[in-house]
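Structure, as structure tokens:
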Amino acid sequence: MAIKYSEKVIEHFIKPQNVGEIPDADAIATEGSPACGDMITYTLKIDPDTRVVEDIKFRSFGCASNIATASMATLIAKGKTTDEIKAMKHRDLTKSLDGLPAVKMHCSVLAIEALKSAIHKWEVDHGYAVDEIIKLDKKEVWKALADVLNPRTGLSLIEAKLVNKIEIEQDEGRVFVELLLCDMDELYAEAIEEEMQEHIHAIPGARKVLVQFKRCHHSGMHGPEEHLV
Amino acid sequence: MIYFDNNDTTPLHPDVLEAMLPYLKDKFANPSSLHNLGLEAESAVDEARSRIAEAIGCKPKELIFTSGATESNNFAILGSARARPSRKHLIISVVEHASVLNVAKRLEDEGYRVTKLLVDNQGYVSSDALRKALDEDTFLVSIVHANHEIGVIQDVKSLAEIAHEKDAWFHTDAAQALGKIPFNVEDFGVDLASFNGHKLHGPKGIGALYFNRKTRPKRLMEGAPQEFDLRPGTENVPAIVGFGRAVEIAVQDLNEVTTHLKLLVNRLTEGLSEIPDTLLNGPPPDERMPGNLNVTLLYIEGEAILMHLSNRGICVSSGSACSSKSLTPSTVLTSIGLLHEEAHGAIRYSLSRFNTAEEVEEVIEKTGEVVELLRAMTAFVPEKHSERQGGKSFYRQR
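Listed in order, the protein sequences are those of chains A and B.
Residue 708 in the working numbering sits at position 146 of the first sequence, and the numbers go up by one each step.
Residue 423 in the working numbering sits at position 271 of the second sequence, and the numbers go up by one each step.
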């Protein structure tokens with residue numbers, strides 16, 4: 563399969579903006595890992611009074627869309643307040659890039675996640691936010707799965723209503739997720755599970771994550787058995 | 153444009169196109185028709201079959217045309233399973249093409265036992281492992297002859313001998329091997345073999361399957377009795393003619409082309425090995441399928457490398473997860489022990505007779521340029537992010 567990128571993506575991939583790192587950065591965050599082949603590091607300068615991002619640079623280990631989304635993220639973030647950045651969605655990024663192939667949509671999630679994580683750390687350091695104590699519960703797992711996309715559709719597992727069941731044994735740090743998987747998604751089962759593992763393991767206290775697929779013959783239109791809002 | 157992706161597909165040889173043209177124009181008839189035009193088409197198919205049969209050392213009636221090596225692999229494995237219903241065990245290796253791996257998976261779903269032989273860190277299947285896996289229930293052993301990603305060439309002769317000790321049939325996927333390394337079914341003692349037209353400057357959509365009287369697989373499709381009643385459907389005459397001509401040319405020029413490719417790949421290997429933190433994936437160049445080279449350029453990602461090279465007019469392919477449809481890294485690369493981070497930076501260069509020494513120099517130079525550009529912006533800090541520390545040498549110890 564040849565992956566078709568928009569001209570904007572190609573432009574940012576070939577000539578990425580704001581590459582490098584700010585030596586005396588106020589905020590820094592790395593998300594992703596070399597094993598996933600998808601990793602971004604941002605360094606930022608933020609005005610402590612106005613909370614405006616004055617400068618931002620990035621480094622990337624990843625594919626063309628990883629580089630392009632990070633480049634676009636720096637352009638959008640520069641001049642914005644931390645509140646404005648916190649309100650950003652990964653779709654805002656892909657829109658600015660004239661779209662991404664569904665299979666690459668996860669790159670825009672990583673680009674936004676990494677940026678928000680840098681902002682959050684900075685806000686905590688400067689007393690604008692508190693580091694909430696995150697405990698392993700259904701809500702957190704739900705939130706983690708909202709960042710995992712189905713590469714076929716580019717929709718998150720939550721949006722597409724693919725999560726059928728979540729069970730948690732807090733004492734042992736055990737998480738069980740049952741996911742609806744239709745025939746067309748079978749190709750991506752391994753990639754989806756890897757992403758789920760990574761995102762759920764990022765929740766403090768999650769030690770053992772078990773993912774089970776429940777085969778279905780429709781295209782992911784099922785609703786969850788239980789609502790977890 | 154420089155095309156170094158010949159293990160993916162090759163350009164048509166001009167003589168092959170020439171041979172095909174009449175069958176796309178005036179000689180269009182159906183070989184099953186009884187009129188003169190039909191007979192003419194039929195003899196063209198017969199002649200192509202004879203040429204290919206001669207090249208691989210079998211009788212024409214032991215060779216049927218298919219739509220390509222994927223169909224041939226499906227046919228060999230499923231057809232053998234159906235032909236030997238009392239045996240329920242299949243042996244393959246982990247470095248097979250998807251058209252073998254996924255057929256094996258289907259049989260597994262049907263209740264068959266499947267053993268996947270592991271390989272060493274250069275990609276070789278071990279005879280001992282095969283001997284251990286074999287039993288009286290094994291209907292088929294299917295091991296690829298030359299691997300498409302790392303160019304490792306298996307000793308199919310020894311492996312076939314071992315398979316026969318337990319009366320298992322032996323199939324080899326020779327899609328990459330045909331026309332690049334000497335291949336003779338009788339010398340090798342294989343029972344079934346898959347071939348392809350478009351890897352040796354023939355047309356796409358055409359392949360062949362060798363079998364013999366003892367090892368006749370059951371047909372998978374029903375229809376009219378074409379191809380010795382094994383594979384129904386009107387023959388793809390122009391493609392068959394082109395395939396025949398392509399094999400004839402490849403066999404005729406084999407030594408000359410091999411020498412040419414060895415020179416080019418040796419220089420390419422030397423040039424790329426000078427880029428720091430580069431690893432060779434698979435066996436040393438003199439053991440590989442001619443024209444194939446696979447390296448990992450550490451700390452950067454394959455799709456990005458590929459696209460920057462493409463932007464500079466160079467076509468290669470990558471084993472990276474990001475450039476694969478399923479978003480998982482190449483199983484061939486992980487099965488020879490590459491970490492995911494190493495598989496992500498894998499680039500395959502595959503050359504053909506039409507490539508030149510000047511092109512090799514340009515590819516070395518441009519690869520260096522792209523690596524420098526991407527490493528300058530990478531977020532990958534080796535000391536921090538890699539579990540594999542220490543000196544990295546280009547050649548892997550076996």
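Note that beta-carbon positions come from the ideal geometry of N, C-alpha and C, so glycine has one too.
None of these values were measured; they are calculated from a predicted model.
Okay, do the region 298-310 of chain B and the region 434-444 of chain B touch, 3+ Cβ pairs below 8 Å being the bar? Yes: at least three Cβ pairs fall under 8 Å.
With a 10 Å radius around its C-beta and 16 neighbouring C-beta atoms as the bar for buried, classify B/ASN407 as buried or exposed. Exposure of B/ASN407 is indicated by the presence of fewer than 16 other C-beta atoms within 10 angstroms of its C-beta.
Please report the residue range of the beta strand (DSSP E) in which A/ASP617 lies. Where A/ASP617 is concerned, the enclosing beta strand (DSSP E) stretches over 615-623.
In the region 403-475 of chain B, which residue ranges form an unbroken beta strand (DSSP E) of at least 3 residues, counting only runs that do not cross its ends? You should have 430-432, 444-449.
Compute the Euclidean distance between the alpha carbons of A/THR656 and A/MET650, then round it to the nearest angstrom. Rounded to whole angstroms, A/THR656 to A/MET650 spans 11 Å at the Cα level.
What residues from chain A crowd round B/PHE532, counting only those whose CB sits closer than 8 Å? Within chain A, the residues near B/PHE532 are PRO596, MET601, PHE623.
Selection of the region 702-724 of chain A by Cβ proximity to chain B, strictly under 8 Å: Sequence-ordered contacts of the region 702-724 of chain A with chain B read PRO713 [C-beta pairs closer than 8 Å].
For A/MET601: DSSP bridge partner residues: A/MET601 has A/GLY594, A/PHE623 as its beta-bridge partners, per DSSP.
Environment of B/MET153 [buried if 16+ CB atoms lie within 10 Å]: With fewer than 16 other Cβ atoms within 10 Å, it is exposed.
Since I believe B/VAL515 is in contact with B/LEU420 (beta carbons under 8 Å), could you give me their beta-carbon distance rounded to a whole number of angstroms? In this structure, B/LEU420 and B/VAL515 form a Cβ contact; the two beta carbons are roughly 7 Å apart against a cut-off of 8 Å.
Should A/ASP588 be labelled buried (16 or more other beta-carbon atoms within 10 Å of its own) or exposed? When all chains shown are included, A/ASP588 counts as buried.
Looking at the structure shown, is B/GLY359 part of a helix, part of a strand, or coil, going by DSSP? Three-state DSSP puts B/GLY359 in a strand.
Of the residues B/PHE335, B/ILE392, B/LEU282, which one's Cα is nearest the Cα of B/SER202? Nearest C-alpha to B/SER202: B/ILE392.
Between B/ALA228 and B/VAL255, what straight-line distance do the alpha-carbon atoms span, to the nearest angstrom? Approximately 10 Å, taken between the alpha carbons.
Go through the region 273-316 of chain B residue by residue and report every complete run of the alpha helix (DSSP H) that reaches 4 residues or more, in order. 279-285, all fully within the region 273-316 of chain B.
Which value, in whole angstroms, describes the spacing of the CA atoms of B/LYS370 and B/PHE217? Rounded to the nearest angstrom, the two C-alpha atoms are 15 Å apart.
According to the neighbour-count rule (16 or more other Cβ atoms, all chains shown, within 10 Å of its Cβ), is B/GLU535 buried or exposed? Counting C-beta atoms within 10 angstroms of its own C-beta, B/GLU535 has fewer than 16 neighbours from the protein chains shown and is therefore classed as exposed.
Assign B/ASN463 to buried or exposed, taking buried as 16 or more other Cβ atoms, counted over all protein chains shown, within 10 Å of its Cβ. It is exposed - the Cβ of B/ASN463 has fewer than 16 other Cβ atoms within 10 Å.
Runs of 3 residues minimum, wholly inside the region 714-757 of chain A: which ones carry the beta strand (DSSP E) assignment? As summarised for the region 714-757 of chain A, the continuous beta strand (DSSP E) elements at least 3 residues long and confined to that stretch are 725-731, 736-744, given in chain order.
Just checking: is the beta-carbon of A/SER781 within a distance shorter than 7 Å of some beta-carbon in chain B? The predicted position of A/SER781 is uncertain, since its pLDDT is 49 and thus under 50; a value taken from the coordinates is nonetheless stated next. Taking Cβ atoms only, chain B never reaches closer than 7 Å to A/SER781, which makes this a no.
Among all the DSSP beta bridges, which residues are the ones paired with B/ALA551? A query on residue 551 of chain B cannot be resolved here, the shown segment of chain B reaching from 153 to 550 and no further.
Is A/LEU724 closer than 7 Å to A/LEU711 when the C-beta atoms are compared? Here A/LEU711 is not near A/LEU724, since their CB atoms are 7 Å or more apart.
For A/ASP654, which beta-bridge partners are listed by DSSP? Note: A/ASP654 sits in no beta bridge, so no partner.
First through last residue of the alpha helix (DSSP H) which encompasses B/ASN348: For B/ASN348, there is no enclosing alpha helix (DSSP H); the residue is found in the beta strand (DSSP E) stretching over 344-348.
Alpha carbon to alpha carbon, what distance is there between B/VAL342 and B/LEU186? Rounded to the nearest angstrom, the two C-alpha atoms are 36 Å apart.
Under DSSP, the beta strand (DSSP E) around B/ILE243 begins and ends at which residues? Taken as a continuous stretch (DSSP letters only), the beta strand (DSSP E) holding B/ILE243 covers 241-245.
Give the range of the alpha helix (DSSP H) segment to which B/LEU525 is assigned. First-last of the alpha helix (DSSP H) with B/LEU525: 509-528.
Short-range partners of chain A found in the region 468-491 of chain B, where Cβ spacing is below 8 Å: Under the 8 Å Cβ criterion, the region 468-491 of chain B contributes SER472, ALA473, CYS474, SER475, LYS477, SER478, LEU479, THR480, PRO481, LEU491.
Cβ shell of B/ASP429 (< 7 Å), same chain only, five flanking positions each side left out: Hits under 7 Å: LEU450, TYR451, LYS544.
Counting C-beta neighbours from all protein chains within 10 Å, is the total for A/ASP600 16 or more, i.e. buried, or is it exposed? When all chains shown are included, A/ASP600 counts as buried.
Shortest alpha-carbon distance to B/GLN549 belongs to which of B/ARG505, B/ILE488, B/ARG527? For the residues B/ARG505, B/ILE488, B/ARG527, the minimum Cα distance to B/GLN549 belongs to B/ILE488.
Excluding the five sequence neighbours on either side, which residues of its own chain have a C-beta within less than 6 Å of the C-beta of B/GLY423, listed in chain order? Result list for B/GLY423: ILE516, in chain order.
Under 7 Å, CB to CB, which of the residues in the region 739-772 of chain A have a partner in chain B? Flagged, chain order: LEU749, TYR750, GLU752, ALA753.
I think A/GLY716 touches A/MET667, with their Cβ atoms under 8 Å apart; what is that distance to the nearest whole Å? Rounded, the Cβ-Cβ distance is 4 Å, consistent with contact.
Between which residues of its own chain and B/ALA456 is the CB-CB distance below 7 Å, once the five residues before and five after are set aside? For B/ALA456, where only same-chain residues beyond five positions count, the Cβ hits under 7 Å are LEU526.
Specify whether the region 663-683 of chain A and the region 731-741 of chain A touch according to this definition: at least 3 beta carbon pairs, one from each stretch, less than 8 Å apart. Contact fails: fewer than three Cβ-Cβ distances are below 8 Å.
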